[in-house]
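Undergrad:
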Amino acid sequence: VTDPAPVANGGEVRGDQGQELQIYLSGHDPQGDQLEPAIVSPPAHGRYFMYRFSNSTFALIYNPAAGFYGTDEITFTMADAGGNVSAPKTISITVNRVNLPPVATALTRSQSGLLPTMALTLAGTDPEDDPLTVRIVTPPSHGILSGSGTDFVYTPATVPFEGTDSFSYVVNDGESDSAPATVSLSFIRDARPPVVRADFATAYRGLSTRVNVLGNDADDWGNEMFVYEVSQPAHGTVSIFGDDVMYVHNGDEATEDRFTYSVSNFSGVTSTETVFVTIRSHVITLPSLADSGPGTLREAVEIVNRHAGMSLAPDHTARAEWTVQLPPVQVGSSLSRDYSLDTVGEDDPSLGASALVVKGLVSFVSMGAPVEIRRSADSVPMRLFSVAPYARATFQGIKLHDGIARLGGAIHNQGELTLRNSVLEGNEARAFYDEPGLGGAVYTRNGSVQLDGATFRDNKADDGGGIYQIAEGTSASVTATRATFIGNTGNDFRSTATGIGQADFHAVDLTA
61 VTDPAPVANG GEVRGDQGQE LQIYLSGHDP QGDQLEPAIV SPPAHGRYFM
111 YRFSNSTFAL IYNPAAGFYG TDEITFTMAD AGGNVSAPKT ISITVNRVNL
161 PPVATALTRS QSGLLPTMAL TLAGTDPEDD PLTVRIVTPP SHGILSGSGT
211 DFVYTPATVP FEGTDSFSYV VNDGESDSAP ATVSLSFIRD ARPPVVRADF
261 ATAYRGLSTR VNVLGNDADD WGNEMFVYEV SQPAHGTVSI FGDDVMYVHN
311 GDEATEDRFT YSVSNFSGVT STETVFVTIR SHVITLPSLA DSGPGTLREA
361 VEIVNRHAGM SLAPDHTARA EWTVQLPPVQ VGSSLSRDYS LDTVGEDDPS
411 LGASALVVKG LVSFVSMGAP VEIRRSADSV PMRLFSVAPY ARATFQGIKL
461 HDGIARLGGA IHNQGELTLR NSVLEGNEAR AFYDEPGLGG AVYTRNGSVQ
511 LDGATFRDNK ADDGGGIYQI AEGTSASVTA TRATFIGNTG NDFRSTATGI
561 GQADFHAVDL TA
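Counting from 1 along the sequence shown, just add 60 to a position and that's the residue number in my numbering.
Okay, here's the thing in structure tokens:
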């Protein structure tokens, strides 16, 4: 008996791109034997697996490769139980092109909230490897996006920024959009040290100065900062004084010093910087004729007053005695000796307006030829100087001119006043309502006045055109070692006392 070979059946199947296809490998055996397939040529563009479907048929599941479309084929044979093999047969596979949507890639990024921008690259994949374009679907809430193609830049609305933001986008392959993908952004508060900068301070010999060391420092996050540690300098001591530090010079001859300070911002990180201290003597030389600002007479008086209540290191038994030197100043092609005062320094309800108030111990000394301190013609009526109780002021080689006040046109004195080789000219004690003007040049109340080469010329008052002295319940004195009074109205001088007060006027060399 002859056992004929089985016959395999060829065929054709069709399906769409990305679709799983079921293919039947079948045949016929004349004896009715069960058949077994054998793959002669597998498909070139897909994967498969088989399982028996019936006695003479196997089911083959074919999965096209991603993005594949076109034709593929499977060649197989069938064998019967006797080992007889059929001729090879081919099943043709046609995969129809179907555009598969691309996939946008989700993205998560994080960085410090102090940075001004975040660079982003948006991307996606396409089964057919078609070129992709990006389109923003939902914009961010706390910033803006700029850019084109796949490269974008996110800029927070405010910097620093602590928090999160997000936006969504799709990619398009020319035919269809992807599903939206989300880009999640986070901006964190990272621990950073304070940004500190060196400080430069000026101290005067044996005295203290307060340095605002945090004034030029900053914290990137705006956190509160505090000084938690200082080093000690070679020529003094330093202590923490709130947000400032207090430097006290020890009184030696050093001209410079330095120390460090450390700053924290409660984040556990710190920064350290240096304070450079210039140590100056108690002699101030003025480079400016201006009313106010650096190097002016007003600034010098402010320096004297700022230290008036301090005692000198190292003994702390005396106060600083200052000398303010007034040189002629180059103005254009010539030297000027005219120090003009424009603004009121202090307006006391009982004393009236004063351009400058002296609260320490100071000598104003002309360098070379006499200089003139005057009230500016454009300013309001005001006296030139007021000498406070316990203060001491000496004027040497100075001309005081054009002051106006009800009590003391040039000077109101309640401390110790010395006029040496100085001229007081053209000042006025001007009556106020029914109150007379007293002391055209000088009004001294419970103080002492030394006149050593002083000239009072053409000053005006209702009484005491040159000097008006009053002792109210205590003593007051005027000593004229050398004094000249010329052309003053309302008497050259007046000395009076009230209650148990005693007013003394001693004249050694007086011309009136």
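For each residue, glycine too, the CB sits at the ideal point set by N, CA and C. All values reported here derive from a predicted model rather than from experimental measurement.
(1) State the Cα-Cα distance for the pair PRO220 and ALA251, rounded to the nearest angstrom.
(2) Rounding to the nearest angstrom, what Cα-Cα distance links PRO409 and LYS459 in this structure?
(3) Are the Cβ atoms of ALA563 and ALA531 separated by less than 8 angstroms?
(4) Considering Cα atoms alone, identify which of GLU284, ARG195, ALA567 and PRO254 is closest to ASP233.
(5) Cutting at 8 angstroms between CB atoms, please list the residues of its own chain near VAL290, excluding the five before and the five after it.
(6) Have a look at the DSSP bridge pairing and note the partners of TRP281.
(7) Within this structure, are the beta carbons of ALA373 and ASN310 separated by less than 8 angstroms?
(8) Would you mind reading off the limits of the beta strand (DSSP E) that contains VAL231?
(9) Any idea if SER324 is buried or exposed, counting beta-carbon neighbours within 10 angstroms, 16 or more meaning buried?
(10) Could you say which of PRO449, PRO90, LEU395 and ALA448 lies nearest to VAL431 if we only look at CA atoms?
(11) Check each candidate in PHE260, PRO216, GLU235 and VAL255 and name the one with the smallest Cα separation from LEU245.
(12) For the segment 262-310, list the beta strand (DSSP E) runs that are entirely contained and at least 3 residues long, ordered along the chain.
(13) Measuring CA to CA, which of PRO191, PRO97, LEU570 and PRO103 is closest to ARG112?
(14) How about ALA521 and GLY486: do their beta carbons lie closer than 8 angstroms?
(15) Just the C-alpha distance for ASP402 and PRO354, rounded to the nearest angstrom, thanks.
(16) Which residues in the same chain as SER238 place their Cβ atom closer than 7 angstroms to its Cβ, once the five residues preceding and following it in sequence are excluded?
(17) Looking only at its own chain, which residues have a Cβ that is under 7 angstroms from the Cβ of THR181, when we skip the five neighbours before and after it?
(18) Hey, is the segment 128-145 in contact with the segment 84-95, meaning 3+ C-beta pairs nearer than 8 angstroms?
(19) Using a Cβ distance threshold of 8 angstroms, determine whether the segment 345-354 contacts the segment 325-336, with at least three qualifying pairs required.
(20) For LEU484, which residues does DSSP report across the bridge?
(21) Which whole-angstrom value describes the C-beta separation of ILE471 and ARG435, a residue pair presumed to lie in contact below a C-beta threshold of 8 angstroms?
(22) Excluding the five sequence neighbours on either side, which residues of its own chain have a C-beta within less than 7 angstroms of the C-beta of GLU381, listed in chain order?
(23) What residues in its chain sit with their C-beta under 6 angstroms from that of ASN276, if we drop five residues either side in the sequence?
(24) THR377: which of GLY369, PRO240 and ILE527 sits nearest, CA to CA?
(25) Between the beta-carbon of PHE565 and the beta-carbon of GLN529, is there less than 8 angstroms?
(26) For VAL483, which residues of its own chain have a beta-carbon under 6 angstroms away from its beta-carbon, when the five flanking residues on both sides are left out?
(27) Based on the DSSP secondary-structure assignment, which residues constitute the bridge partners of TYR108?
(28) Distance check for PHE227 and THR177, CA to CA, integer angstroms please.
(29) Measure the alpha-carbon distance for GLU359 versus THR315 and round it to whole angstroms.
(30) Can you tell me the Cα-Cα spacing of ALA451 and ASN506, whole angstroms?
(31) Pick helix, strand or coil for ALA360, following the three-state DSSP scheme.
TA: According to the data block:
(1) Here residue 220 is taken as the residue at index 160 of the sequence shown, counted from 1. Here residue 251 is taken as the residue at index 191 of the sequence shown, counted from 1. Straight-line Cα distance between these residues: approximately 13 angstroms.
(2) Locating residue 409 in the sequence shown gives position 349, counting from the first residue. Locating residue 459 in the sequence shown gives position 399, counting from the first residue. So the alpha carbons of these two residues sit roughly 27 angstroms apart.
(3) The count along the sequence shown starts at 1 and reaches residue 563 at position 503. The count along the sequence shown starts at 1 and reaches residue 531 at position 471. The answer is yes: Cβ separation under 8 angstroms.
(4) For the purposes of this step, residue 233 is taken as residue 173 along the sequence shown, with counting starting at 1. From the listed residues GLU284, ARG195, ALA567 and PRO254, the smallest Cα separation to ASP233 is found for ARG195.
(5) Taking the sequence shown and counting its residues from 1, one reaches residue 290 at position 230. Counting only residues of its own chain and dropping the five nearest sequence neighbours on each side, VAL290 has a CB closer than 8 angstroms to the CB of VAL298, SER299, ILE300, VAL305, PHE319, THR320, TYR321 and SER322.
(6) On the sequence shown, residue 281 is found 221 positions in, with the first residue counted as 1. Answer is none; TRP281 lacks a bridge partner.
(7) Locating residue 373 in the sequence shown gives position 313, counting from the first residue. Locating residue 310 in the sequence shown gives position 250, counting from the first residue. A Cβ-Cβ contact shorter than 8 angstroms links ALA373 with ASN310.
(8) Indexing the sequence shown from 1 puts residue 231 at position 171. Here the beta strand (DSSP E) through VAL231 covers 223-232.
(9) By one-based count along the sequence shown, residue 324 stands at place 264. Counting of Cβ neighbours within 10 angstroms places SER324 among the buried residues, the total reaching 16 or more.
(10) Here residue 431 refers to the residue found at position 371 of the sequence shown. Nearest option by C-alpha distance: LEU395.
(11) Residue numbering aside, residue 245 sits at position 185 when the sequence shown is read from its first letter. For LEU245, the nearest C-alpha among the options comes from PRO216.
(12) Qualifying beta strand (DSSP E) stretches, in chain order: 268-271, 286-290, 296-301 and 304-309.
(13) By 1-based counting over the sequence shown, the position of residue 112 is 52. Minimum Cα distance to ARG112 is reached at PRO97.
(14) Position 461 of the sequence shown, counted from the start, is the residue given in the question as residue 521. Position 426 of the sequence shown, counted from the start, is the residue given in the question as residue 486. Remark: C-beta atoms of ALA521 and GLY486 do not approach each other more closely than 8 angstroms.
(15) For the purposes of this step, residue 402 is taken as residue 342 along the sequence shown, with counting starting at 1. For the purposes of this step, residue 354 is taken as residue 294 along the sequence shown, with counting starting at 1. Here the C-alpha atom of ASP402 lies approximately 15 angstroms from the C-alpha atom of PRO354.
(16) For the purposes of this step, residue 238 is taken as the residue at position 178 of the sequence shown. Result list for SER238: PRO161, PRO162, VAL163, ALA164, GLY184, VAL230 and VAL231, in chain order.
(17) The count along the sequence shown starts at 1 and reaches residue 181 at position 121. Closer than 7 angstroms at the Cβ level, and outside the excluded window around THR181, lie THR210 and ASP211.
(18) Enough Cβ pairs lie closer than 8 angstroms, so yes.
(19) Counting Cβ pairs under 8 angstroms, fewer than three are found: no touch.
(20) Here residue 484 refers to the residue found at position 424 when the sequence shown is read from its first residue. LEU484 has LEU460 and PHE516 as its beta-bridge partners, per DSSP.
(21) Here residue 471 corresponds to residue number 411 of the sequence shown, with the count starting at 1. Here residue 435 corresponds to residue number 375 of the sequence shown, with the count starting at 1. Not confirmed; about 12 angstroms, so no contact.
(22) Here the question's residue 381 lines up with position 321 in the sequence shown. Closer than 7 angstroms at the Cβ level, and outside the excluded window around GLU381, lie HIS342 and LEU421.
(23) For the purposes of this step, residue 276 is identified with residue 216 of the sequence shown, where counting begins at 1. Contacts found: ARG257.
(24) In the sequence shown, the residue the question calls residue 377 occupies position 317. Nearest Cα to THR377 within the set GLY369, PRO240 and ILE527: GLY369.
(25) Taking the first residue of the sequence shown as 1, we reach residue 565 at position 505. Taking the first residue of the sequence shown as 1, we reach residue 529 at position 469. A distance below 8 angstroms separates the beta carbons of PHE565 and GLN529.
(26) Reading the sequence shown from its first residue, position 423 is the one you call residue 483. Same-chain partners within the cutoff: LYS459 and THR515.
(27) Counting from 1 along the sequence shown, the entry for residue 108 is found at position 48. Beta bridge pairing from DSSP links TYR108 with TYR122.
(28) For the purposes of this step, residue 177 is identified with residue 117 of the sequence shown, where counting begins at 1. For the purposes of this step, residue 227 is identified with residue 167 of the sequence shown, where counting begins at 1. Cα-Cα distance, rounded: 15 angstroms.
(29) Stepping through the sequence shown from its first residue, residue 359 is reached at position 299. Stepping through the sequence shown from its first residue, residue 315 is reached at position 255. Distance between the alpha carbons of GLU359 and THR315: 21 angstroms.
(30) In the sequence shown, residue 451 corresponds to position 391, counting from 1. In the sequence shown, residue 506 corresponds to position 446, counting from 1. Their backbone Cα atoms lie some 12 angstroms apart in a straight line.
(31) For the purposes of this step, residue 360 is identified with residue 300 of the sequence shown, where counting begins at 1. Helix.
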